[in-house]
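Sequential numbering of the sequence shown, starting at 3, is according to this note's numbering.
Here a beta-carbon is modelled for each residue, glycine too, at the ideal position from N, C-alpha and C.
It should be emphasised that the depicted structure is a prediction, and the values quoted were computed from it without experimental measurement.
Report on one structure; see the data block that follows.
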Amino acid sequence: MADNDRRQPGSGHNNRKRRYRDDDDYDRRPQRRRYDAPLPVRIRKQLLGLAESPLRRWHEEVQSIAHVVADHYEDQELRTGFLELVPQMLVEQPLKTPFVAAVVLVINSLKPDILSDLLARVATATEEKVKVGEWRDVKLYLKFLACLQPCLAGEGLFPLLEELFSRAVDLQTASSDDTIGTELVKIILLTIPYIMAAAPTQWQQKAAELMDKTDVIASEPHALQVLIDPYQVEEGAESPTANMSLIGLLQKQLQNEALNGWGLSCLPRPWQMPPEEIEQQEKLDNAQKHALPSISIPEKVVAGPRPLFPEIYLSVYVNQDIESVPPVSSIASSLIRDALLDTINVLDFNRGVTARFLIDVDCYFAPGTFVKRATPFDRLRDVEGDRSTWKPEDVAVDAVFSQLFALPTPEHKLVYYHSVLTEACKIAPAAVAPSLGRAIRYAYQNTHHLDLELCYRFLDWFTHHLSNFGFMWKWAEWVDDVNLSDMHPRKAFILGALDKEIRLSFAQRIKGTLPEPYQALIGPEKEQDTPEFKFNDDRTPFAAEGKEIAALLKRKAADEEIQPVIDRIHSAALDQSIDPLVSSTDVFMTAVCWVGSKSLSHVLACIERTKDRLLDAGAASEAARAQIITAVVAYWSAHPGVAITIIEKLLNYSIITPGAVIDWALVGDRAGPYGQALSKAWVFELVFNTVVKVTSRLRQVMSTGTNDGTEEEIAGMRELFKNMEDALVSWAQGTKDQIMDPVVSDGGEDLVKRWGERWLRVFRRRSAIEETFLLENKVTA
Numbered sequence: 003m004a005d006n007d008r009r010q011p012g013s014g015h016n017n018r019k020r021r022y023r024d025d026d027d028y029d030r031r032p033q034r035r036r037y038d039a040p041l042p043v044r045i046r047k048q049l050l051g052l053a054e055s056p057l058r059r060w061h062e063e064v065q066s067i068a069h070v071v072a073d074h075y076e077d078q079e080l081r082t083g084f085l086e087l088v089p090q091m092l093v094e095q096p097l098k099t100p101f102v103a104a105v106v107l108v109i110n111s112l113k114p115d116i117l118s119d120l121l122a123r124v125a126t127a128t129e130e131k132v133k134v135g136e137w138r139d140v141k142l143y144l145k146f147l148a149c150l151q152p153c154l155a156g157e158g159l160f161p162l163l164e165e166l167f168s169r170a171v172d173l174q175t176a177s178s179d180d181t182i183g184t185e186l187v188k189i190i191l192l193t194i195p196y197i198m199a200a201a202p203t204q205w206q207q208k209a210a211e212l213m214d215k216t217d218v219i220a221s222e223p224h225a226l227q228v229l230i231d232p233y234q235v236e237e238g239a240e241s242p243t244a245n246m247s248l249i250g251l252l253q254k255q256l257q258n259e260a261l262n263g264w265g266l267s268c269l270p271r272p273w274q275m276p277p278e279e280i281e282q283q284e285k286l287d288n289a290q291k292h293a294l295p296s297i298s299i300p301e302k303v304v305a306g307p308r309p310l311f312p313e314i315y316l317s318v319y320v321n322q323d324i325e326s327v328p329p330v331s332s333i334a335s336s337l338i339r340d341a342l343l344d345t346i347n348v349l350d351f352n353r354g355v356t357a358r359f360l361i362d363v364d365c366y367f368a369p370g371t372f373v374k375r376a377t378p379f380d381r382l383r384d385v386e387g388d389r390s391t392w393k394p395e396d397v398a399v400d401a402v403f404s405q406l407f408a409l410p411t412p413e414h415k416l417v418y419y420h421s422v423l424t425e426a427c428k429i430a431p432a433a434v435a436p437s438l439g440r441a442i443r444y445a446y447q448n449t450h451h452l453d454l455e456l457c458y459r460f461l462d463w464f465t466h467h468l469s470n471f472g473f474m475w476k477w478a479e480w481v482d483d484v485n486l487s488d489m490h491p492r493k494a495f496i497l498g499a500l501d502k503e504i505r506l507s508f509a510q511r512i513k514g515t516l517p518e519p520y521q522a523l524i525g526p527e528k529e530q531d532t533p534e535f536k537f538n539d540d541r542t543p544f545a546a547e548g549k550e551i552a553a554l555l556k557r558k559a560a561d562e563e564i565q566p567v568i569d570r571i572h573s574a575a576l577d578q579s580i581d582p583l584v585s586s587t588d589v590f591m592t593a594v595c596w597v598g599s600k601s602l603s604h605v606l607a608c609i610e611r612t613k614d615r616l617l618d619a620g621a622a623s624e625a626a627r628a629q630i631i632t633a634v635v636a637y638w639s640a641h642p643g644v645a646i647t648i649i650e651k652l653l654n655y656s657i658i659t660p661g662a663v664i665d666w667a668l669v670g671d672r673a674g675p676y677g678q679a680l681s682k683a684w685v686f687e688l689v690f691n692t693v694v695k696v697t698s699r700l701r702q703v704m705s706t707g708t709n710d711g712t713e714e715e716i717a718g719m720r721e722l723f724k725n726m727e728d729a730l731v732s733w734a735q736g737t738k739d740q741i742m743d744p745v746v747s748d749g750g751e752d753l754v755k756r757w758g759e760r761w762l763r764v765f766r767r768r769s770a771i772e773e774t775f776l777l778e779n780k781v782t783a
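Right, dumping it as structure tokens:
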């Protein structure tokens, strides 16, 4: 084929087009049509991209946007777009508020009428948010107005802050349990720094007077603070966050800043021009001042759609050799955390953008606030002099963990915060992964001190996160803990984590990621997709009947064909002096599990077909209800996650009751002898999910606006919490028979009591939250 040239004329050499193309004055390449975006679109894009690049100088960006807006403000589309976009950015991109304010301040020096229009918009929006109790939005609007303090006439924002404080005093006077008042004080304290950063010399006296007033409320611990402390230390010890009330910290931090001349070194000041821009700086200093439009605060303020609770400052990077996050003595810890949390919780509709803001956090604060991105922790020791050692990745991860560990509940579903950390790792793995590693180690080492609900959240996030990155972790670091008692909090965490990992993958794969000492923790039974059917062993009591019922269920036989087999079981059980209902329920439910073991849809279909018989069994006796749960858990003992799912479906069908689940798990030793059930993560998951199902049902009934069934639901919920209280108090106080019996105790009494105390705290808090909800909704039953 080599000597047979198939090239067509003009397709290779001797190409006339190529000859023409080489001419300097001839170009036949198609030209892409040029498209210049309309001016309003360009301004919108520039505003939205403010401060995002560390390569662009702040003052150049600010002046560029300001001049274009001022020069073309007569353009109706540009004017409307600008006046709508600015308030929207204040709420959706809170990290950029100082930069947006700088643009507005420069515009005011060029065309003051624009600021008058904008102030009217923001004031109206603020007033509307106050009326409906959207307190975060109120705080974000006030933050913007605080940055505009230099161009506000009179005392600017201070009269409004004074009025907010008077409402807080009224609320606190009426009730010490009030949370709206503490929220108002928090807003005031978080607004003051931005006023002082924008106009440091003029307002020191006013700030000092206002802080003297807020000290009365901020320095007093809230009644609910003990319940929401993320740590539960042993009796006699002090919680690491005992004095970490957010408003209490803010009060002290601001007092320190006042003593040091309001340095506020972390806050950006994009309205301060460099020396070469002295003319523009003079214009800013001498710009026209505007009266702040009236913002009325109603006599009675409302809590709004989000439940308000006192806040505690939590960090997973405390007690390190080197500070990689701002210490709680610094106002930077509160201001940076506040801006990040607003960003995280506002942008819940786009986890990718949220993660990008977290990675770029150093762009939005003063130069020198953080070390260079991705600086290894060990290299922080090399930082010279008094330069900052704060790692931007640590600060970002710390903020997300503060939400994962927020009590009683964070604002959004926990999986959202999981996804933010996953996205951050994907965007900057080399920078974020080491920070996450140190956060994991801190939480693991403190599992015995952390609130039990938070331990479970940590376990859930940890396994979910590993599943996104090949289940890889440095398990060798914890190898010594493998030999601890299963009741030890760290060993319990390891067992719970491995179980969750297997749920998210399969046993053989997980074993492949573990060092040798861990291999024994994953038994051969976990490698079986379908557990053995115990009635296949003829030595098992009622083996013949079990196999017969399974065969009938498999061919979807009518209930009339099953009843004779059940009758035989009852007869044989009576002959052996054992409970006939328990025996027949065990055989029948085990057969249902085996027949439905292929998939969740199979077992649901099987339960649906046999629902009437199961309902009769559940209604027959308390022992039979308990046996339904026992049969499910026994069959799926190697995969408790499947058992939990099936039990939740049985609850949905009302085959078993929430009370039956609580009794099964916490009364007696069906879930594990001698209190061992209390240390099992899957038992906590089962009980916690059951309680959430009950409380959610009550709120759903109340949301209908009718009283139908409300009293019954409230009574049922209170009865459930009372039963839990009775069961858990006996474990926590060591009065349970299983603990007191010297024959069966193995020296782990203190561990069992400690687990009982931790369980008790979680569900006392849940009960208190629901009672508060009923009180706020004026429901008594």
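Counting C-beta neighbours from all protein chains within 10 Å, is the total for residue 357 16 or more, i.e. buried, or is it exposed? Position 355 of the sequence shown, counted from the start, is the residue given in the question as residue 357. Classification for residue 357: buried.
If you pair each beta-carbon of the segment 360-371 with each one of the segment 287-304, do three or more pairs fall below 8 Å? no
Could you tell me if residue 744 is buried or exposed, where buried requires 16 or more neighbouring beta carbons within 10 angstroms of its beta carbon? Sequence index remark: in the sequence shown, residue 744 carries index 742 (1-based). Residue placement at residue 744 cannot be trusted, given a pLDDT of 48 that sits under 50; what the coordinates show is reported in the next sentence. So residue 744 counts as exposed.
Measuring only the C-alpha atoms, how far is residue 183 from residue 135? As a position in the sequence shown, residue 183 is number 181, starting the count at 1. As a position in the sequence shown, residue 135 is number 133, starting the count at 1. Distance between the alpha carbons of residue 183 and residue 135 is about 12 Å.
Length of the line joining the Cα atoms of residue 258 and residue 187: On the sequence shown, residue 258 is found 256 positions in, with the first residue counted as 1. On the sequence shown, residue 187 is found 185 positions in, with the first residue counted as 1. Taking the straight line from one Cα to the other gives about 18 Å.
If you drop the 5 nearest sequence neighbours on each side, which residues of the same chain put their C-beta closer than 8 Å to that of residue 742? Against the sequence shown, residue 742 aligns to sequence position 740. Note that residue 742 scores 49 on pLDDT, short of 50, meaning its location in the model is unreliable and no value can be drawn from it.
Under three-state DSSP, which class holds residue 74? Here residue 74 refers to the residue found at position 72 when the sequence shown is read from its first residue. Three-state result, residue 74: coil.
Residue span of the alpha helix (DSSP H) that contains residue 449, given as start and end: Your numbering for residue 449 matches position 447 in the sequence shown. From DSSP, residue 449 is part of no alpha helix (DSSP H); its letter is neither H nor E.
Residue 338 beta carbon less than 7 Å from that of residue 397: Reading the sequence shown from its first residue, position 395 is the one you call residue 397. Reading the sequence shown from its first residue, position 336 is the one you call residue 338. Yes; because the gap between Cβ atoms is below 7 Å, this pair is in contact.
Which whole runs of the alpha helix (DSSP H) in the segment 558-625 are 4 residues long or more, in chain order? 561-577, 582-597, 602-611 and 613-622
Can you tell me whether residue 168 is buried or exposed? The criterion is at least 16 other CB atoms within 10 Å of its CB, across all chains shown. Locating residue 168 in the sequence shown gives position 166, where the first residue counts as 1. Exposed, by the Cβ-count rule.
Would you check if there are 3 or more beta carbon pairs closer than 8 Å linking the segment 454-470 to the segment 497-516? yes
Taking residue 555 as the reference, give the member of 572, 590 and 566 with the closest Cα. For this step, residue 555 is matched to residue 553 along the sequence shown. The shortest C-alpha separation from residue 555 is found at 590.
Can you have a look at residue 193 and say buried or exposed, based on whether 16 or more other CB atoms are within 10 angstroms of its CB? On the sequence shown, residue 193 is found 191 positions in, with the first residue counted as 1. Classification of residue 193: buried, given that the 10 Å Cβ count is 16 or more.
For residue 154, does the three-state DSSP call read helix, strand or coil? In the sequence shown, the residue the question calls residue 154 occupies position 152. Here residue 154 sits in strand by DSSP.
On the DSSP letters alone, give me the boundaries of the alpha helix (DSSP H) that residue 725 sits inside. By 1-based counting over the sequence shown, the position of residue 725 is 723. Per DSSP, residue 725 belongs to the alpha helix (DSSP H) from 712-734.
7 Å CB neighbourhood of residue 520 in its chain, flanking five on each side removed: Position 518 of the sequence shown, counting from 1, holds the residue named residue 520. Excluding sequence neighbours, residue 520 sits near 477 and 484.
Three CB pairs or more closer than 8 Å across the segment 199-208 and the segment 250-266: yes
Excluding five sequence neighbours on each side, which residues of the same chain lie with their C-beta closer than 8 Å to the C-beta of residue 809? The question about residue 809 has no answer, for the chain in this structure spans 3 to 783.
Cβ neighbour criterion (16 or more within 10 Å) applied to residue 4: As a working mapping, residue 4 is identified with position 2 in the sequence shown. In this predicted model, residue 4 has a pLDDT of only 44, less than 50, meaning its place in the structure is not dependable; the value taken from the coordinates is given anyway. Exposed.
When the Cα of residue 527 is compared with those of 628, 434, 539 and 638, which residue comes out closest? For this step, residue 527 is matched to residue 525 along the sequence shown. For residue 527, the nearest C-alpha among the options comes from 638.
Measuring only the C-alpha atoms, how far is residue 308 from residue 413? Within the sequence shown, residue 308 is the residue found at index 306, counting from 1. Within the sequence shown, residue 413 is the residue found at index 411, counting from 1. Each residue's Cα considered, the two are about 8 Å apart.
Residue nearest to residue 232 in terms of C-alpha spacing, selected from 314, 434 and 73: By one-based count along the sequence shown, residue 232 stands at place 230. That would be 314, whose Cα lies nearest to the Cα of residue 232.
Can you tell me whether DSSP reads residue 292 as helix, strand or coil? Indexing the sequence shown from 1 puts residue 292 at position 290. The answer is strand: DSSP assigns residue 292 an E or B state.
Let me know the alpha helix (DSSP H) ranges lying completely inside the segment 367-419, each 4 residues or longer, listed in chain order. 394-406
Can you tell me whether residue 508 is buried or exposed, with buried defined as 16 or more other CB within 10 angstroms of its CB? Translated into positions along the sequence shown, residue 508 becomes position 506. By the 10 Å Cβ count, residue 508 comes out exposed.
Under 6 Å Cβ to Cβ from residue 2, same chain only, skipping five residues before and after it: list those, please. Not covered by the structure: residue 2. The range shown for the chain is 3 to 783.
Three-state secondary structure assigned by DSSP to residue 314: For this step, residue 314 is matched to residue 312 along the sequence shown. DSSP places residue 314 in strand when its eight states are reduced to three.
On a Cα-Cα basis, can you pick out the residue from 101, 530, 542 and 458 that is closest to residue 59? Walking along the sequence shown from the start, residue 59 turns up at place 57. Residue 59 has its Cα closest to that of 101, out of 101, 530, 542 and 458.
Quick one: is residue 496 buried, meaning 16 or more other Cβ sit within 10 Å of its Cβ, or exposed? Walking along the sequence shown from the start, residue 496 turns up at place 494. Buried: at least 16 other Cβ atoms inside 10 Å.
What does a CB cutoff of less than 6 Å around residue 179 pick up in its chain, not counting 5 residues either side in sequence? Along the sequence shown, read from residue 1 onward, the residue named residue 179 stands at position 177. Contacts found: 225.
Please report the residue range of the alpha helix (DSSP H) in which residue 257 lies. The count along the sequence shown starts at 1 and reaches residue 257 at position 255. Taken as a continuous stretch (DSSP letters only), the alpha helix (DSSP H) holding residue 257 covers 248-261.
State the DSSP-derived secondary structure class of residue 233, mapped to helix, strand or coil. The count along the sequence shown starts at 1 and reaches residue 233 at position 231. Note: residue 233 maps to strand in three-state DSSP.
With a floor of 4 residues, list each alpha helix (DSSP H) that falls wholly inside the segment 648-688, ordered by position along the chain. 660-668
Contacts around residue 269, its chain only, beta-carbon distance under 8 Å, and the 5 residues preceding and following it disregarded: Stepping through the sequence shown from its first residue, residue 269 is reached at position 267. Excluding positions up to five away in sequence, the list reads 100, 195, 196, 199, 337, 367 and 368.
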